[in-house]
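**Student:**
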Amino acid sequence: MSVIDDLADALAKDAIVLANQLGDDDIIYKTAKILSATSSTMEEAYMTSIRVRLAERRARMFLSEEANKIKAAKTK
Numbered sequence: 003m004s005v006i007d008d009l010a011d012a013l014a015k016d017a018i019v020l021a022n023q024l025g026d027d028d029i030i031y032k033t034a035k036i037l038s039a040t041s042s043t044m045e046e047a048y049m050t051s052i053r054v055r056l057a058e059r060r061a062r063m064f065l066s067e068e069a070n071k072i073k074a075a076k077t078k
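Below, the structure written as structure tokens:
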């Protein structure tokens, strides 16, 4: 990864954690707006990291739910 990608990914991780703690996803988009005012490249890398991390989280939740369904069906 490049320096920009590394920084953007670290910032994305922090923003997602804070958004979860506050229950406010707007923090993610407000951060993107601040970044876009100074570096569109950084903002694009940040939003890519946000999208990838949120997609991965949704996929893991899906896998967990499916595993739970299978376990429940086996115990019947």
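Each residue of the sequence shown is one higher than the one before, counting from 3 in our numbering. Cβ atoms here follow ideal geometry from the backbone N, Cα and C, with glycine treated the same way.
1. Out of Ala-57, Ala-75, Ser-66 and Ser-42, which has the shortest C-alpha to C-alpha gap to Ile-6?
2. Would you call the region 45–65 in contact with the region 8–19, where contact means no fewer than 3 C-beta pairs closer than 8 Å?
3. Less than 8 Å separating the beta-carbons of Asp-27 and Ala-21?
4. Let's see if you can read the secondary structure: which residues bound the alpha helix (DSSP H) around Lys-71?
5. Please report the residue range of the alpha helix (DSSP H) in which Asp-16 lies.
**Tutor:** Once the coordinates are examined:
1. It is Ser-42 whose Cα lies nearest to the Cα of Ile-6.
2. Yes, since at least three Cβ pairs between the region 45–65 and the region 8–19 fall closer than 8 Å, the two stretches touch.
3. Yes.
4. Looking at the DSSP string, the run of the alpha helix (DSSP H) that includes Lys-71 is 42–76.
5. Here the alpha helix (DSSP H) through Asp-16 covers 5–24.
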